[in-house]
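Undergrad: Sharing a structure with you now.
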Amino acid sequence: MPFLHKVATELYQEWKTEISDLHIVLPTRRACLYFKTFLSEIANETIFSPKVISLEDFIVSSSGLEIEDTSALIFELYDSYQNFDKAVAGSLERFAPMAITMLSDFNLIDRNLVKSHELFEYLDEVKTMERWGEMYGEEGQEVAISSLSRITEYYLFWQNVEKTYNHFREKLENSGRAYSGLAFRWVYENLEQVIEDQNIKCAVFIGFNQLYKAEELIIRKLEKLGKAKTYWDMDSFYVDAKWHEAGNYFRKFLQNGFITGKPKEISFIENLIQTQKKEIEVISVVNTITQAKTAGHLLNEMIERMIYKNEFFKFSEARNHTAVLLPDETMLLPMLYSLPKSSEGVNIQKLVNITMGVSLRNTPLFSLIKNLFQAQENMLRDEDQPLSVYHKDLQRILQHPYIRPLNEDENPPLKRMHEENIIYFSVKELSDYKINGWLYGQLFEDWGKNERLIKSTTKEKDTNNSGNIHKALRSFFKIIEALAHRFTQEEHSLESEYLFEFYKLLKQVERMIITYSPNEETHIGNSIFGERNKEVDKIFDKSESKKGKLKIPLQIESFERLLLELMRDRKIPFTGEPIAPIQIMGMLESRALDFENVIIISANEGIFPRGKVLTSSIPFDIRLQFNLPTHTEDDAAYSYNFYRLLQRSKKITLIYASDMEGMRGGEPSRYVNQIKSELAHLENISFYESRLELPLPTFENSTRTVEKTPAIIQRLEKYLTQEGLSPSYISRYLEEPMRFYEQKVLKLNEPPLMEEDMFQHTYGQVMHEALEELFEPLVGKEINEEWLDKTRKDKENLKLLVEKLITKLAGGVMHDTGKNFLLKEVTQSLIPEFMRLQKEETPIRLIALEQKLTNIVTFDIKIDGQIRQLPLKLIGTADRIDIITTKEGIKRLQVIDYKTGKMDAAALKADTFEQLLSDKKAKIIQLVLYKYLFIKTYQAGQIKHLPSDFTLEEYQIVSGFWFFRKLSSNFTPYHLKAEKELTLEGFLAEVETFLQKVVENMLDAAIPFSDVIDVDIWEEEGEDA
């Protein structure tokens, strides 16, 4: 029988119809709901219900104070603090990071009834000693310091905190307001008045364990006055074992006299863990999400089993059957998506109640708002240029899952941005789009100037930026309105709730700005959600009386920090059957509740329990000195919550992720190891461990392959005979056949990439075109030393040329900052250096720039078992062709390719033509084919500006690279050892044999396209038969 059912039974039997005189106080509102349900089932007559209330609600209602929300408390606390620390005056964003911690400490001090002055005085003395030690050292010699140290700053901080605490507390109390801890202190200090005002005859405290000092002393004082009774839910397993942390609080209360009597004599101290039959299973899974999937699978199996055994009706009526506990609340959405929808025709989701809420922090809405703030921060604001949004922000926002569906025209701004390489996109141009221009205008509306957001020559800081915040609010409301119209269908009900919760939050923030900031009132977006706005109106009614009491300048930075912090705290509640057989809840919500079947996911150390996480600036040793709780007390409380769940449960499943990364490292919770050592050996315990591994898909061959169908071979023939095969794509085919197939057969283009930093190929293009533009006037003429000297020394002209080409080729790339500036400077220095080295070869006759080379060679190719003639079209472009006379007096024609990549001398050497293929010598293949193509193009009479005495026999024909990363290597030709023994005709024949082998391989239906090529093109036919 559940603990609450037992207590309700005992209370009813004792008080009968007079039970309405009781105040029943429980740890949570969820426990209150269960108690009321059990009491209504137990009573066999009509009775008036007692007042059943959670401890927090009991204190608030007893104090009569209004508990302020976190956001209002931050403003009020800042107003107090800036009276004593002028460094943060007028700068809420500097104060905000410490505000949450300070509020947490104030709550801790008051909830534990600490004499605040003694605490702050003690801190003052400790920090004074630390400062003395820092300034004078161990030997008493003064150490010169030029600025405040961290200890000094910390000392001054605590001096300000004490003053702030007193001012803040007095201000709240005088206005009938409080934070939680202050309300507890007030009730303790005014308990006699509370008893009279609340007409407390008997307050029954049920199911508590960890109690702060104020809570303990309130109960003690009520008991002393005969106005209270306490029911503890304990198990002798952890109470009797003095070493067990789960019983720490109970043993402490026994020792200090709060609890009187021996444990065995106290009601509801049972021995269930060691006597009641239990099945405990620990499941290890591969990753975080699989935990939720596993829990969903277990629920589905359980329900199918109930249906099979005809126990489903009993299960569906159960009040306390199954709890799925989430120590990590970020697992809520994965858990919801993992719930089975139906089983054997039963709608399972109607059997589930979710007691937790989804934080706005874990919704897509949070990332959208964060992205909008980021876009404002990165906007280009310059007096000489239009307001422009950064390309990464534009892409993030327009591709956001909430915004993308609103685009009816496939995001033309993004398409244009990629095509023109626009780094900063004009907001006006975005707004001018005929379709969705209104949307872009709202997304990227300028929220106004401030120090962080603008390149400004103004030295004065504008502290009145609330107008900017109203612009931001207006944008948010407009965006919500657009999204609300989209999320109207039932399948988007969750998204619609996210929007409405955010809308309420914005209205709350708007009211805070009106209340606390010295600006005119602005009401925006009051009709977006129609009738549901009545809920929102309460926000205005609640805060209207406080209007104008404080005047705190609020800047965009403060607004951003405040809004995102509030979004983290704000949760979207779920609706459902409150007492359903399956409850999904957090660990703290399970207090005082019992379930037959318990599933805990995220049972990893560091999550369950969460570890040493304290939001406090009070040092550990001082917390001990003033009996403030530390992580040790928190661990004891968490341990109790876990072991109490074990008491009446029959089946417990703990699921943990074994492959988690980071500090947590995939270790199971300490509770798993404790169960192994403490419980697994007991006769009543059946303990299992298992590892769930999802099978990985297996492939006979992980290499992608595409068979060459007749249609593909037909496309290849068209490409080879009409479009033309270039040296670079021969190399591509040999090294990356699948990529060749995608680009030349499927005609798939590479996805466009934005260049914020110049890519290697763009840098190469700039270099190529700069050299082409500089040398173009000399085509067909002689390059001499005088011209080279004059051109390379004209640095201003070179600079303008490079900048012009960067603008042309890289669009919006900013070339005056970062890596691009360095690349620009490198380009401007390499061109003069290249010309200086060219002087060593003068005179140079420049034959051509960007010379098109082409040839058609016909092969007898075996296709589909038949010998056919195939006219292969070979194409290429030489960056430059020139003629020099070497020091040995040899006339040499050079076919030149510029390279801005790294130099690899070994890649330009080979012994045989066969080696070109077997070793995939891509660079030599290109140069060999450039030489071949030049010869064939010359023989076809397509090369101009050659000297009259030029013949292939009289001139040495070479092809090679100029490596701009290593200009000192000069012109670098390839070296193919086998070529030295060949005549001109022999060279051409070898190249054509090479080409025939490549083409035969391309058109061989038996050789598929694949990620790697493992076929030896040089195998003789029939050799492998």
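To get the working numbering, take the position in the sequence shown, counting from 1, and add 139. Glycine residues also receive a C-beta, built at the ideal position from the N, C-alpha and C atoms. Every value quoted in this text rests on a predicted model; they were computed, and no experiment measured them.
Express the C-alpha separation of L464 and G801 in angstroms, rounding to a whole number.
TA: Low local confidence applies: a pLDDT of 47 at G801 is under 50, so the model's placement there is unreliable, and no value is given.
Undergrad: Hey, would you say I723 sits closer than 8 angstroms to I422, going by beta carbons?
TA: Not closer than 8 angstroms, so no.
Undergrad: Taking 8 angstroms as the cut-off, decide whether the C-beta atoms of Y261 and A238 are in contact.
TA: Their beta carbons are not under 8 angstroms apart, which means Y261 does not touch A238 by this criterion.
Undergrad: Does DSSP classify E980 as helix, strand or coil?
TA: Looking at E980 - three-state DSSP - the assignment turns out to be helix.
Undergrad: Starting from the C-beta of I983, find all residues in its chain whose C-beta is less than 6 angstroms away, skip the five residues before and the five after it, and write them out in chain order.
TA: Only I922, D1021 and I1023 meet the Cβ criterion.
Undergrad: Helix or strand or just coil, what does DSSP make of G1015?
TA: Three-state DSSP puts G1015 in a strand.
Undergrad: Taking all protein chains shown into account, do 16 or more other C-beta atoms lie within 10 angstroms of the C-beta of L364, making it buried, or fewer, making it exposed?
TA: Flag for L364 reads exposed.
Undergrad: Considering only residues of the same chain and omitting the five flanking positions on each side of I358, which have a CB-CB separation below 7 angstroms?
TA: Correct list, in chain order: F344, A367 and T369.
Undergrad: S565 by DSSP, collapsed to three states: which one?
TA: Correct three-state label for S565: strand.
Undergrad: Which stretch, first to last residue, makes up the beta strand (DSSP E) that contains M1165?
TA: Outside the modelled stretch of the chain, which goes from 140 to 1164, sits residue 1165, for which no answer is possible.
Undergrad: Since F1166 contacts S219 with CB under 8 angstroms, what's their CB separation in whole angstroms?
TA: Summary: the structure shown does not reach residue 1166, with the chain confined to residues 140 through 1164, and so no result is reported for it.
Undergrad: Which runs of the alpha helix (DSSP H), 4 residues or longer, sit entirely within the stretch 313-383?
TA: You should have 319-328, 330-337, 352-363 and 375-379.
Undergrad: Find out if the Cβ-Cβ distance for the pair R168, S188 is shorter than 8 angstroms.
TA: Result no, Cβ atoms of R168 and S188 do not sit closer than 8 angstroms.
Undergrad: Figure out for me which residue from L917, L939, L873 and V965 has the closest Cα to the Cα of G903.
TA: When only C-alpha atoms are compared, the closest one is V965.
Undergrad: Can you give me the C-alpha to C-alpha distance between G1080 and L859, rounded to a whole angstrom?
TA: So the alpha carbons of these two residues sit roughly 23 angstroms apart.
Undergrad: Identify every residue that forms a DSSP beta bridge with F1102.
TA: Paired residues: K1038.
Undergrad: With H, G and I counted as helix, E and B as strand and the rest as coil, what does DSSP make of F389?
TA: Of the three classes helix, strand and coil, the one that applies to F389 here is helix, per DSSP.
Undergrad: Looking at the secondary structure, which residues open and close the alpha helix (DSSP H) in which H609 lies?
TA: S605 to R625 is the extent of the alpha helix (DSSP H) around H609.
Undergrad: Whole angstroms is fine: what's the gap from S716's alpha carbon to L437's?
TA: For the record, residue 716 in the displayed sequence is Glu; it is not Ser. Answer to the nearest angstrom: the Cα atoms are 21 angstroms apart.
Undergrad: Just grab the DSSP bridge partners of K790 for me.
TA: Bridge partners of K790: E418 and N736.
Undergrad: With DSSP collapsed to three states, give me the class of F214.
TA: Helix at F214.
Undergrad: Any contact between the stretch 1061-1074 and the stretch 998-1012? By contact I mean 3 or more CB pairs, one from each, below 8 angstroms.
TA: No, they do not touch.
Undergrad: Which term fits T627, buried or exposed, when burial requires 16 or more other beta carbons within 10 angstroms of its beta carbon?
TA: Answer is exposed; the Cβ neighbour count stays below 16.
Undergrad: Quick one: is W371 buried, meaning 16 or more other Cβ sit within 10 Å of its Cβ, or exposed?
TA: W371 comes out buried.
Undergrad: Thinking C-beta only, is Y541 closer than 8 angstroms to L472?
TA: Contact flag unset, no.
Undergrad: Less than 8 angstroms between the CB atoms is what I'm expecting for S1099 and F1089, so what's the real figure, rounded?
TA: Sequence check: residue 1099 is Gly here, not Ser. Rounded, the Cβ-Cβ distance is 19 angstroms, inconsistent with contact.
Undergrad: Assuming E924 and T981 form a contact by the criterion Cβ under 8 angstroms, report the distance between their Cβ atoms to the nearest whole angstrom.
TA: Contact holds; Cβ gap of about 5 angstroms.
Undergrad: Which value, in whole angstroms, describes the spacing of the CA atoms of E620 and S201?
TA: Distance between the alpha carbons of E620 and S201 is about 41 angstroms.
Undergrad: In chain order, what residues of the same chain have a beta carbon less than 6 angstroms from the beta carbon of E908, not counting five sequence neighbours either side?
TA: So the qualifying residues of the chain are L944.
Undergrad: Residue range of the beta strand (DSSP E) that I757 falls in?
TA: Here I757 belongs to no beta strand (DSSP E), and DSSP marks it neither H nor E.
Undergrad: On the CB-based measure, 16 or more other CB atoms within 10 Å of its CB, does S477 come out buried or exposed?
TA: S477 is buried by the Cβ-count criterion.
Undergrad: I'd like to know whether the C-beta atoms of I995 and A1017 end up nearer to each other than 8 angstroms.
TA: Going by C-beta atoms, I995 is not nearer than 8 angstroms to A1017.
Undergrad: Do the stretch 559-569 and the stretch 522-534 make contact, defined as three or more Cβ pairs closer than 8 angstroms?
TA: The stretch 559-569 vs the stretch 522-534: in contact.
Undergrad: Tell me which residues share the same chain as T469 and place their Cβ nearer than 7 angstroms to its Cβ, disregarding the 5 neighbours each side in the sequence.
TA: Around T469: N501.
Undergrad: Would L917 and L976 qualify as a contact pair, given that the criterion is a beta-carbon distance under 8 angstroms?
TA: Going by C-beta atoms, L917 is not nearer than 8 angstroms to L976.
Undergrad: Would you check if there are 3 or more beta carbon pairs closer than 8 angstroms linking the stretch 759-767 to the stretch 323-336?
TA: No: the two stretches stay apart, fewer than three of their Cβ pairs being nearer than 8 angstroms.
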